[in-house]
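Numbers 79 to 324, taken from our numbering, label the letters of the sequence shown in order.
By construction, the Cβ of each residue, glycine as well, lies at the ideal position given by its N, Cα and C atoms.
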Amino acid sequence: MAASNQGDEVSLSKSIDEVDIKPTRQRVSAIKDLYEQAGDVGDQDENNSEGAVKLKRRMNLLDGVAINIGIIIGSGIFVSPKGVLAGVGSVGATMVVWAVCGVFSMVGALCYAELGTMIPASGGAYAYIQLIYGDFFGFMLLWIAAVMAQPGSMAVIVLTFANYSLQPLYPNVECPPPRAPIVLIAISCTIVVVLINAISVRWSCWIQDVTSVCKIGALIIIIISGMVELGQGTSYYFYSHFLKKK
Numbered sequence: 079m080a081a082s083n084q085g086d087e088v089s090l091s092k093s094i095d096e097v098d099i100k101p102t103r104q105r106v107s108a109i110k111d112l113y114e115q116a117g118d119v120g121d122q123d124e125n126n127s128e129g130a131v132k133l134k135r136r137m138n139l140l141d142g143v144a145i146n147i148g149i150i151i152g153s154g155i156f157v158s159p160k161g162v163l164a165g166v167g168s169v170g171a172t173m174v175v176w177a178v179c180g181v182f183s184m185v186g187a188l189c190y191a192e193l194g195t196m197i198p199a200s201g202g203a204y205a206y207i208q209l210i211y212g213d214f215f216g217f218m219l220l221w222i223a224a225v226m227a228q229p230g231s232m233a234v235i236v237l238t239f240a241n242y243s244l245q246p247l248y249p250n251v252e253c254p255p256p257r258a259p260i261v262l263i264a265i266s267c268t269i270v271v272v273l274i275n276a277i278s279v280r281w282s283c284w285i286q287d288v289t290s291v292c293k294i295g296a297l298i299i300i301i302i303s304g305m306v307e308l309g310q311g312t313s314y315y316f317y318s319h320f321l322k323k324k
């Protein structure tokens, strides 16, 4: 059975190489047909080969929804509005910036949805770029993600979490939290998250579910608080939308 699986993989690889010379649109269509015929290697039955190393399916629908919510509603939503408003200087212009960025984000999401239906392969963006543009560009994507993009993003998240965790202890704006405790908490959180993901997929999914619920709850509280303030007549910043406010 293992030899049969290896034969299917080699046959699929050769077939993909044969469509390399085709234009991009035809190549993607041909690759999609090949995957539909051969099946994704990662989706094969775990009992097909005893010695094979493969990922096990441990996530349910709720876990998948929570992960997508965490990706779409990033932690930056709690940090970036302050910086955008400070840089733009007016509420109206800030709303325009968010609307334009939302359009760009929607276009990107639609592109990913289209790629996901056209190329039923595991690996996300790496699988798409590797199949469409080749191994070199796929490697460059993974290298950039592993060395720069993902570590930088994670650093921002844990530093923000550490800073917000210490804010109740330092309520005075003129006396911000010291740098050392922030870095210590951030490093500790990173180590804990890495260990949890390495030890158990079930634990990491549970934490993802809880944090997604907390994130949505926090956003709902912020939205309701803003609506309450508007209902009480606190609408100063909406009288002149595009005038800079100090």
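Quick check on the burial criterion: 16 or more other C-beta atoms within 10 angstroms. Buried or exposed for residue i?
i	result
S82	Legend: pLDDT at S82 = 49, less than 50; position of this residue unreliable, no value from coordinates given.
F258	According to the sequence as given, residue 258 is Ala; it is not Phe. Classification of A258: exposed, given that the 10 Å Cβ count is below 16.
L209	buried
V291	exposed
T172	buried
G216	buried
V169	buried
I260	buried
C189	exposed
C253	exposed
R280	exposed
C179	exposed
E307	exposed
Excluding sequence positions up to five away, which residues of its chain have a Cβ less than 7 Å from the Cβ of residue i?
i	result
V175	V162 and V166
I145	Q286
S153	I235 and T238
G277	Here the sequence assigns Ile to residue 277, which means Gly is not the residue at that position. Correct list: empty, nothing qualifies.
Who are the Cβ neighbours of residue i in its own chain at under 8 Å, not counting the five residues just before and after it?
i	result
C267	V236, F239 and A240
N125	Because the pLDDT of N125 is 48, which lies under 50, any placement of that residue in the model is unreliable, and the number read from its coordinates should be weighed accordingly. No residues qualify anywhere along the chain.
I328	Outside the shown range of the chain (79 to 324) lies residue 328, about which nothing can therefore be said.
F156	T238, Y242 and A296
R56	What is shown of the chain runs 79 to 324, which leaves residue 56 out entirely.
On a CA-only basis, which of the options is nearest residue i? Give me that one, please.
i	options	result
A233	I265, F217 and I277	I265
D141	L297, Q286, S278 and S313	Q286
I149	G295, T289 and I298	T289
L139	V225, E192, A296 and W284	W284
For residue i, which residues of its own chain have a beta-carbon under 6 Å away from its beta-carbon, when the five flanking residues on both sides are left out?
i	result
P255	L244 and Y248
L220	Y204
T312	none
N275	S282
Is residue i close to chain B, meaning its C-beta is less than 7 Å from at least one C-beta of that chain?
i	result
E307	In the displayed structure, chain B is absent; only one protein chain is listed.
Report task. Spell out a yes or no on whether the stretch 202 to 212 and the stretch 229 to 236 are touching, meaning 3 or more CB-CB pairs, one atom from each, closer than 8 Å. Result -> No, they do not touch.
Requested in this report: Could you say if the stretch 301 to 315 and the stretch 152 to 161 meet the contact criterion of at least three C-beta pairs nearer than 8 Å?
Outcome: Not touching, per the Cβ criterion.
**Report entry** Runs of alpha helix (DSSP H) wholly within the stretch 197 to 264 (minimum 4 residues, chain order)
**Finding:** With a minimum length of 4 residues, the continuous alpha helix (DSSP H) runs that stay inside the stretch 197 to 264 are 203 to 211, 213 to 222 and 228 to 244.
Requested in this report: Pick out the complete alpha helix (DSSP H) segments inside the stretch 272 to 315, 4 residues or longer, and give them in chain order.
Outcome: The stretch 272 to 315 contains these whole alpha helix (DSSP H) runs: 279 to 309.
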